[in-house]
Each structure stands twice: as C-alpha cells, then as structure tokens.
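Colleague:
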Amino acid sequence: MEDIAKQKALLNEEMTFMQQIQTCEEVLFTIMNTVRQHGTSMHLLTVEDIITFIHRMELDFRTELLHVNLEQAIEASKYKR
Numbered sequence: 021m022e023d024i025a026k027q028k029a030l031l032n033e034e035m036t037f038m039q040q041i042q043t044c045e046e047v048l049f050t051i052m053n054t055v056r057q058h059g060t061s062m063h064l065l066t067v068e069d070i071i072t073f074i075h076r077m078e079l080d081f082r083t084e085l086l087h088v089n090l091e092q093a094i095e096a097s098k099y100k101r
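Read in order, the letters of the sequence shown correspond to residues 21 to 101 in my numbering.
Structure below.
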C-alpha cells in the first residue's frame, strides 16, 4: 500500500513539473511574439533578463523532473525482482 502511495506522489510531482515546464515555454513564446510585434519600443536588455530568468526556471524544473523520473525508474525496478 505504501508503494502505491509513493507512486501516486511521484506521478503528481511529475505532472506538476511538466505543467510548470509547459507554462515557462508558453510564457517565453508569448514574450517572443510581443518582441516581434513591439520590439523597438521595448527595453530589450530588460526583455533579455526576463527571458533568461524564465529559461533558468524551466531548466530547474527539468532537472527536478529528471530526478523524479529517476526515482520512478528505481521504484519500478523493485517490482521486476
């Protein structure tokens, strides 16, 4: 029973990180479109700082997702024995 709860928790973590990654991607896409439309009227160094920050957030989420996926693989290997 404890194993099932752990698997569910890992699945929930996985879904949360995937949603966070997707959100970062969508926000970056929206910012890029805004720059395409209004780039010359924007302070582009500030835009660069913003997209760099969001990109780092996305990388952090991807790293956390990688750890969750590894933990899921380890848990799955326990059942193959």
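C-beta atoms are modelled at their ideal positions from N, C-alpha and C, and glycine is treated no differently.
Model, not experiment: these values are computed from the prediction.
Apply the 10 Å Cβ neighbour rule to Phe81 and answer buried if 16 or more other Cβ atoms are within range, or exposed otherwise.
Modeller: That one is buried.
Colleague: Determine the DSSP secondary structure at Met77, reduced to helix, strand or coil.
Modeller: Looking at Met77 - three-state DSSP - the assignment turns out to be helix.
Colleague: Under the rule that 16 or more other beta-carbon atoms within 10 Å means buried, what is Phe73, buried or exposed?
Modeller: Exposed is the call here.
Colleague: Would Glu95 pass as a contact of Gln27 if the rule is Cβ separation under 8 Å?
Modeller: Yes. Within cutoff.
Colleague: In the DSSP assignment, find the alpha helix (DSSP H) that holds Lys100 and state where it starts and stops.
Modeller: Taken as a continuous stretch (DSSP letters only), Lys100 belongs to no alpha helix (DSSP H), as it is neither H nor E.
Colleague: Among Phe37, Glu22 and Asp23, which residue has its Cα nearest to the Cα of Met77?
Modeller: Checking every option, the nearest Cα to that of Met77 belongs to Phe37.
Colleague: Where do the N-terminal and C-terminal ends of the alpha helix (DSSP H) with Ile36 fall, by residue?
Modeller: Just to set this straight, residue 36 is Thr in the shown sequence, not Ile. Segment Glu22 to His58, the alpha helix (DSSP H) holding Thr36.
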